[in-house]
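Novice:
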Amino acid sequence: MSANLNNDIAPGGQPSVQPQREDVQPTAPLKKPPGPWMTVWKKFSRNVYAMTGLVVVLIFVIAAILAPLLAPYEPSHIDLMFANLPAGTDNHLLGTDELGRDIFSRLLYSSRISLLVGFAVAAASVIIGSLIGSLAGYFGGWLDTIFMRFVDVMNSIPLLFLNILVLAIFGSKVSYMIMILIFTSWMSVARLVRGTFLQLRETQYVEAAKAIGVSSWGIIFRHLLRNASFPIIVNATLMVGGAILSESALSYLGLGVQEPDTSWGKMLSNAQEFMLIDPIQAVYPGLCIFIVVLAVNFVGDGIRDALDPRQKAMVSRRRLKQWRKDYSK
Amino acid sequence: MTEYFIRRVLQSILVLFLITLITFGLIHAAPGGPTKIFLAPGLSQEAAKIQAHNLGLDQPVAVQYIKWVGGLLKGDLGYTFKNHLPVGQILWPTVGNTVVLMGVAWLLSLLIAVPWGIYNSTKEYGLSDQTASFVSYVGFAMPTFWFGILLQEMFALNLDWLPLSDMWTMGKEGNIGNLFMHLILPVTVLTLGFLAAYSKYARSSMLEVLEQDYIRTARAKGVKERRVIFRHALRNALIPIITVLGLDLPILVGGAALTESVFNWPGMGRLFIDMAVAREYSVLMAITLITAVVVIIGNLIADILYAVVDPRVQLGKGGRSA
Numbered sequence: 001m002s003a004n005l006n007n008d009i010a011p012g013g014q015p016s017v018q019p020q021r022e023d024v025q026p027t028a029p030l031k032k033p034p035g036p037w038m039t040v041w042k043k044f045s046r047n048v049y050a051m052t053g054l055v056v057v058l059i060f061v062i063a064a065i066l067a068p069l070l071a072p073y074e075p076s077h078i079d080l081m082f083a084n085l086p087a088g089t090d091n092h093l094l095g096t097d098e099l100g101r102d103i104f105s106r107l108l109y110s111s112r113i114s115l116l117v118g119f120a121v122a123a124a125s126v127i128i129g130s131l132i133g134s135l136a137g138y139f140g141g142w143l144d145t146i147f148m149r150f151v152d153v154m155n156s157i158p159l160l161f162l163n164i165l166v167l168a169i170f171g172s173k174v175s176y177m178i179m180i181l182i183f184t185s186w187m188s189v190a191r192l193v194r195g196t197f198l199q200l201r202e203t204q205y206v207e208a209a210k211a212i213g214v215s216s217w218g219i220i221f222r223h224l225l226r227n228a229s230f231p232i233i234v235n236a237t238l239m240v241g242g243a244i245l246s247e248s249a250l251s252y253l254g255l256g257v258q259e260p261d262t263s264w265g266k267m268l269s270n271a272q273e274f275m276l277i278d279p280i281q282a283v284y285p286g287l288c289i290f291i292v293v294l295a296v297n298f299v300g301d302g303i304r305d306a307l308d309p310r311q312k313a314m315v316s317r318r319r320l321k322q323w324r325k326d327y328s329k
Numbered sequence: 001m002t003e004y005f006i007r008r009v010l011q012s013i014l015v016l017f018l019i020t021l022i023t024f025g026l027i028h029a030a031p032g033g034p035t036k037i038f039l040a041p042g043l044s045q046e047a048a049k050i051q052a053h054n055l056g057l058d059q060p061v062a063v064q065y066i067k068w069v070g071g072l073l074k075g076d077l078g079y080t081f082k083n084h085l086p087v088g089q090i091l092w093p094t095v096g097n098t099v100v101l102m103g104v105a106w107l108l109s110l111l112i113a114v115p116w117g118i119y120n121s122t123k124e125y126g127l128s129d130q131t132a133s134f135v136s137y138v139g140f141a142m143p144t145f146w147f148g149i150l151l152q153e154m155f156a157l158n159l160d161w162l163p164l165s166d167m168w169t170m171g172k173e174g175n176i177g178n179l180f181m182h183l184i185l186p187v188t189v190l191t192l193g194f195l196a197a198y199s200k201y202a203r204s205s206m207l208e209v210l211e212q213d214y215i216r217t218a219r220a221k222g223v224k225e226r227r228v229i230f231r232h233a234l235r236n237a238l239i240p241i242i243t244v245l246g247l248d249l250p251i252l253v254g255g256a257a258l259t260e261s262v263f264n265w266p267g268m269g270r271l272f273i274d275m276a277v278a279r280e281y282s283v284l285m286a287i288t289l290i291t292a293v294v295v296i297i298g299n300l301i302a303d304i305l306y307a308v309v310d311p312r313v314q315l316g317k318g319g320r321s322a
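Respectively, the protein sequence lines represent chains A and B. Counting from 1, one number per residue, gives the positions in the first sequence under my numbering. Counting from 1, one number per residue, gives the positions in the second sequence under my numbering.
#1: So with CB distances below 9 Å, who are the chain A contacts of S199(B)?
#2: Between which two residues does the alpha helix (DSSP H) carrying G139(B) extend?
#3: Please state the DSSP three-state secondary structure of D278(A).
#4: Let me see if you follow: with CB-CB separation under 8 Å, is Q204(A) close to chain B or not?
#5: Quick check: what's the CA-CA separation for G133(A) versus V55(A)?
#6: Nearest-angstrom Cα distance between L10(B) and C288(A)?
#7: If distances are taken between C-alpha atoms only, which option among G71(B), V15(B), V244(B), N97(B) comes closest to F263(B)?
#8: Can you confirm whether A282(A), when its beta carbon is compared against all beta carbons of chain B, has any partner nearer than 8 Å?
#9: Quick check on DSSP: helix, strand or coil for V69(B)?
#10: Quick one, which of V48(A), F170(A), F197(A), S263(A) has its alpha-carbon nearest I219(A)'s?
#11: For F119(A), which of N297(A), A236(A), F274(A) has the nearest alpha-carbon?
#12: One question on the structure: do L192(A) and P231(A) come within less than 8 Å of each other, judged by their Cβ atoms?
#13: Kindly indicate the opening and closing residues of the alpha helix (DSSP H) around N235(A).
#14: Please list the segments of the alpha helix (DSSP H) lying wholly inside the segment 174 to 237 of chain B, counting only runs of 4 or more residues, in order along the chain.
#15: Is F272(B) buried or exposed, if buried means 16 or more other CB atoms sit within 10 Å of its CB?
#16: Excluding sequence positions up to five away, which residues of its chain have a Cβ less than 7 Å from the Cβ of H182(B)?
#17: On a Cα-Cα basis, can you pick out the residue from V40(A), P36(A), L181(A) that is closest to L116(A)?
#18: Can you tell me whether Q152(B) is buried or exposed, with buried defined as 16 or more other CB within 10 angstroms of its CB?
#19: Measuring straight from C-alpha to C-alpha, what distance separates V40(A) and L294(A)?
#20: Please state the DSSP three-state secondary structure of T94(B).
#21: Am I right that Y306(B) and V244(B) are in contact with their C-beta atoms under 8 Å? What's the rounded C-beta distance?
#22: Counting contacts by CB-CB distance shorter than 8 Å, is N297(A) in contact with chain B?
#23: Just verifying my parser: in three-state terms, what is the DSSP assignment at P68(A)?
#24: Cutting at 8 Å between CB atoms, please list the residues of its own chain near A157(B), excluding the five before and the five after it.
#25: Report buried or exposed for D301(A), applying the criterion of at least 16 other Cβ atoms within 10 angstroms of its Cβ.
#26: Taking only three categories from DSSP, how would you classify P250(B)?
#27: Could you check whether I62(A) and V121(A) sit closer than 8 Å to each other, using their CB atoms as the reference points?
#28: Could you tell me whether the Cβ of Y137(B) comes closer than 8 Å to any Cβ of chain A?
#29: Run through chain A and tell me which residues come within less than 7 Å of V69(B), C-beta to C-beta.
#30: S199(B) to D152(A), Cα distance in whole Å?
#31: Would you say F272(B) faces chain A, with C-beta separation under 8 Å as the test?
#32: Kindly identify the DSSP beta-bridge partner or partners of D166(B).
#33: Assuming S125(A) and W217(A) make a contact with CB atoms under 8 Å, what is their CB distance in whole Å?
#34: Going by C-alpha to C-alpha distance, which of M142(B), I184(B), G148(B), P143(B) sits closest to W161(B)?
#35: On a CA-only basis, which of Q89(B), A196(B), M154(B) is nearest Q130(B)? Give me that one, please.
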């Protein structure tokens with residue numbers, strides 16, 4: 001643009017020489033600046049831990065989906081002749097358990113339930129939590145009071161006890177387990193959304209939206225919830241890990257998944273009984289839980305770091321320290 | 001201050017009341033109601049009626065609830081359904097055992113985590129800081145019971161250094177050295193979990209304080225770095241940690257249940273799991289209630305301590321409604 005200005009003739013001036021116009025091509029319309037999602041993704045993809053976590057989670061998810069194709073044996077096929085085989089014998093990649101069931105196949109099938117519970121609980125808790133949190137945060141008043149007291153109550157009971165109590169009363173089923181885990185984990189999202197709404201509902205754009213007659217629901221969904229979406233995503237990611245851990249704990253206690261279904265927690269409780277005979281069996285399922293939860297947490301932390309504008313400053317502070325050190329030498 | 005205190009106590013009582021309603025309601029929402037669960041399956045109609053009458057199950061739910069709460073206020077926790085033992089007789093010894101286990105683990109982790117977090121905040125991204133961040137990632141992702149099982153395999157079965165489970169070796173009850181050996185493994189498991197959280201809290205809380213203006217002022221006027229850390233920063237950094245400790249209480253009790261179950265520790269958490277499987281609802285209700293009381297009192301103390309430690313907190317003006 002500046003080149004254009006210089007070459008233009010001053011008003012009233014006589015051009016002595018025809019200005020040599022350089023081949024100024026019409027500037028292409030400026031590219032749309034990258035949206036917030038793109039910015040976050042760019043920062044996220046530079047984070048080694050987060051990307052590793054993402055890849056690991058994807059591998060586990062794909063393995064869980066393709067479990068029937070990948071599993072070399074039927075996971076509940078009992079063959080007492082081949083019980084407690086060590087790893088690698090007879091095409092049993094990781095050996096067999098105390099009933100002769102192929103451990104590798106069982107791990108694959110277990111991942112289905114563990115991941116299903118993890119993702120289902122996180123997704124549903126986010127939806128319910130956002131809904132309740134936005135109602136409480138936007139409308140305030142008695143709605144908010146009831147909500148806060150309820151959260152107080154939920155925070156005063158150890159949630160593991162509540163899970164155990166409900167499963168013991170109503171019976172152990174995967175669907176019940178998912179429901180009770182949702183019931184005991186929506187609070188953190190709700191608190192988060194409520195807090196954000198309390199801040200945002202006083203902003204000018206909300207006032208403007210109100211002034212032009214946007215309905216309350218319109219404001220909540222179009223303006224407020226979108227602005228709260230990134231912290232919600234972070235919270236949801238970390239919740240997946242928590243739900244997987246809770247599921248494994250409940251199944252380990254015998255209150256979650258029941259035979260013939262299997263999950264990593266259930267496999268661990270079996271393995272503990274036969275610890276003296278074959279201790280290595282307790283390692284695999286626990287390792288699976290550990291790796292998946294670690295990977296999910298890396299992803300969650302990666303998103304949070306990508307969202308945090310202070311993150312950049314922290315890196316530069318580190319560089320500054322280095323620079324100071326070098327400089328003083 | 002007094003006004004705030006009274007309001008908080010009243011609030012706590014309300015929460016407690018709601019908890020009794022929820023626990024009682026849950027048990028009576030069970031399919032078929034408690035009557036079906038409590039009575040032996042092969043009982044004839046008349047015998048079932050008599051037994052239900054003896055257990056007080058034939059009365060309306062509201063009456064049962066009022067009776068139960070009335071009993072609680074007098075310190076009567078009710079009776080178990082199977083052997084008709086007083087609940088308190090089963091419950092109180094396990095409470096003590098849990099307190100021993102949790103107390104040791106909790107104190108130990110605080111003693112390690114807080115100084116460690118503070119040290120890490122002064123040397124950000126140093127080796128020790130990286131280690132702490134590694135420990136907290138592991139602590140958050142590791143299933144507690146799996147860690148417990150691994151430790152058992154390693155130190156009890158393979159190396160045979162430590163006892164596998166339980167609180168005492170048979171016939172050595174009351175021997176402190178024996179108790180100590182039994183404590184090591186479960187305490188290690190619990191400490192890793194707490195350490196993960198607390199060292200992170202301590203570090204971030206310290207970092208936040210170290211960025212404040214008054215720290216810069218202190219440094220600018222030439223206060224020694226050690227005095228800045230301990231005198232100026234630490235006292236302010238401890239305040240948020242206190243709140244977190246209060247909020248974490250339910251996790252403390254709940255987390256202990258799993259560890260107790262792995263190590264066969266005769267504590268309250270394991271009793272809860274056993275009784276849940278056996279469907280002894282009076283015990284379950286009592287445990288839920290006791291933990292709730294502990295948690296509520298803990299939060300109350302944390303809130304009040306918060307006010308005492310930090311003079312900036314203005315209580316009674318609705319400042320901390322959230």
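Quick reminder that beta carbons are idealized off the backbone N, C-alpha and C, glycines included.
Specialist: The short version:
#1: For this step, residue 199(B) is matched to residue 199 along the second sequence. Those within 9 Å of S199(B) in chain A number zero; the least Cβ separation is about 16 Å.
#2: What you label residue 139(B) is simply residue 139 of the second sequence in a count that begins at 1. Per DSSP, G139(B) belongs to the alpha helix (DSSP H) from 127 to 141.
#3: The residue labelled residue 278(A) in the question sits at position 278 within the first sequence. DSSP places D278(A) in coil when its eight states are reduced to three.
#4: Against the first sequence, residue 204(A) aligns to sequence position 204. Chain B contact via Cβ: absent.
#5: Position 133 of the first sequence, counted from the start, is the residue given in the question as residue 133(A). Position 55 of the first sequence, counted from the start, is the residue given in the question as residue 55(A). One C-alpha to the other measures close to 32 Å.
#6: Looking up residue 10(B) in the second sequence gives position 10. Looking up residue 288(A) in the first sequence gives position 288. Distance between the alpha carbons of L10(B) and C288(A) is about 46 Å.
#7: Stepping through the second sequence from its first residue, residue 263(B) is reached at position 263. It is N97(B).
#8: As a first step, residue 282(A) is located in the first sequence; it is residue number 282 there, counting from the start. Output row for A282(A): interface = yes.
#9: Locating residue 69(B) in the second sequence gives position 69, counting from the first residue. In the structure shown, V69(B) sits in a helix (DSSP, three-state: H, G or I).
#10: Within the first sequence, residue 219(A) is the residue found at index 219, counting from 1. Comparing Cα positions, the closest option is F197(A).
#11: Position 119 of the first sequence, counted from the first residue, corresponds to residue 119(A). Of the listed residues, the one whose Cα sits closest to F119(A) is A236(A).
#12: Numbered from its first residue, the first sequence carries residue 192(A) at position 192. Numbered from its first residue, the first sequence carries residue 231(A) at position 231. In this structure, P231(A) lies closer than 8 Å to L192(A) by Cβ.
#13: As a position in the first sequence, residue 235(A) is number 235, starting the count at 1. Run containing N235(A): 229 to 252, per the alpha helix (DSSP H) assignment.
#14: 176 to 210, 213 to 220
#15: Here residue 272(B) refers to the residue found at position 272 of the second sequence. That one is buried.
#16: Along the second sequence, read from residue 1 onward, the residue named residue 182(B) stands at position 182. Excluding residues within five positions, the ones whose Cβ falls inside 7 Å are P163, D166, M167, W168.
#17: The residue given as residue 116(A) occupies position 116 in the first sequence. Comparing Cα positions, the closest option is L181(A).
#18: Working through the second sequence from its first residue, we reach residue 152(B) at position 152. Buried: at least 16 other Cβ atoms inside 10 Å.
#19: As a working mapping, residue 40(A) is identified with position 40 in the first sequence. As a working mapping, residue 294(A) is identified with position 294 in the first sequence. Their backbone Cα atoms lie some 21 Å apart in a straight line.
#20: Indexing the second sequence from 1 puts residue 94(B) at position 94. DSSP places T94(B) in helix when its eight states are reduced to three.
#21: If you number the second sequence from 1, residue 306(B) lands on position 306. If you number the second sequence from 1, residue 244(B) lands on position 244. Y306(B) to V244(B), Cβ: 11 Å. No contact.
#22: By 1-based counting over the first sequence, the position of residue 297(A) is 297. Cβ-Cβ to chain B under 8 Å: yes for N297(A).
#23: Indexing the first sequence from 1 puts residue 68(A) at position 68. Three-state result, P68(A): helix.
#24: As a working mapping, residue 157(B) is identified with position 157 in the second sequence. Residue identity check: residue 157(B) is Leu in the sequence provided, not Ala. Taken in chain order, the residues that qualify are L164.
#25: Start at 1 with the first residue of the first sequence, and residue 301(A) comes out as number 301. So D301(A) ends up on the buried side.
#26: On the second sequence, residue 250(B) is found 250 positions in, with the first residue counted as 1. Looking at P250(B) - three-state DSSP - the assignment turns out to be helix.
#27: Looking up residue 121(A) in the first sequence gives position 121. Looking up residue 62(A) in the first sequence gives position 62. Contact: no.
#28: Residue mapping note: residue 137(B) aligns to position 137 of the second sequence, counting from 1. With 8 Å as the cut-off, Y137(B) counts as an interface residue toward chain A.
#29: Indexing the second sequence from 1 puts residue 69(B) at position 69. Under the 7 Å cutoff, chain A gives no residues; its nearest Cβ is about 16 Å from V69(B).
#30: Locating residue 199(B) in the second sequence gives position 199, counting from the first residue. Locating residue 152(A) in the first sequence gives position 152, counting from the first residue. Their Cα atoms are separated by approximately 26 Å.
#31: Mapped onto the second sequence, residue 272(B) falls at position 272. For F272(B), the answer is yes, since a Cβ of chain A falls inside 8 Å of its Cβ.
#32: Taking the second sequence and counting its residues from 1, the one referred to as residue 166(B) is at position 166. For D166(B), which the question treats as bridged, DSSP gives no partner whatsoever.
#33: As a position in the first sequence, residue 125(A) is number 125, starting the count at 1. As a position in the first sequence, residue 217(A) is number 217, starting the count at 1. Between W217(A) and S125(A) the Cβ distance is about 21 Å, and since that is not below 8 Å, they are no contact.
#34: Mapped onto the second sequence, residue 161(B) falls at position 161. Considering only M142(B), I184(B), G148(B), P143(B), the residue with the shortest C-alpha distance to W161(B) is I184(B).
#35: The count along the second sequence starts at 1 and reaches residue 130(B) at position 130. Closest option to Q130(B), Cα to Cα, is A196(B).
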